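Student:
Numbering (my numbering), first residue to last: 1 to 124.
#1: How would you call residue 36, buried or exposed, if buried means at least 16 neighbouring beta carbons within 10 angstroms?
#2: State the Cα-Cα distance for the pair residue 3 and residue 77, rounded to the nearest angstrom.
#3: Relative to the alpha-carbon of residue 42, which residue among 72, 5 and 23 has its alpha-carbon at the smallest distance?
#4: Consult DSSP for residue 74 and reduce its assignment to one of helix, strand or coil.
#5: With DSSP as the reference, please indicate the residues paired to residue 61 in a beta bridge.
#6: Using a Cβ distance threshold of 8 Å, determine whether the stretch 26-34 contacts the stretch 47-66, with at least three qualifying pairs required.
#7: Is the CB-CB distance between residue 66 and residue 55 below 8 Å?
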């Protein structure tokens with residue numbers, strides 16, 4: 001499981017140590033040498049069953065190379081950077097609704113149709 005790229009869909013083969021890694025940053029974290037860069041990249045699709053390896057030319061990489069040749073999976077994803085925001089976290093509102101602020105004004109409950117407080121003003 002890659003901690004750098006969420007939902008990674010391909011594995012990268014590092015020819016320097018002959019191992020598969022989730023991303024180049026995973027190689028850098030676990031190995032003491034930089035990844036060997038070549039013109040040919042060996043990738044393995046994780047969506048294919050069984051997982052299949054394929055080669056891509058890194059010197060001539062275009063938009064059609066962003067898809068797995070076996071299952072047509074689009075494995076190059078846009079990077080979404082998290083945005084800073086301030087939120088109040090609480091329990092599920094359907095279970096515990098104490099965090100919801102009610103802006104309505106509570107009115108007095110009238111028990112009878114005859115209003116005792118307004119009666120002296122109306123009777124004169």
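Glycine is no exception: its CB is placed at the ideal position from the N, C-alpha and C atoms.
Computed from a prediction, not measured in an experiment: that's the story for all the values here.
Tutor: On the basis of the coordinates in this document:
#1: exposed
#2: For the pair residue 3 and residue 77, the Cα-to-Cα distance works out to about 16 Å.
#3: It is 23 whose Cα lies nearest to the Cα of residue 42.
#4: strand
#5: Note: residue 61 sits in no beta bridge, so no partner.
#6: Counting Cβ pairs under 8 Å, fewer than three are found: no touch.
#7: Going by C-beta atoms, residue 66 is not nearer than 8 Å to residue 55.
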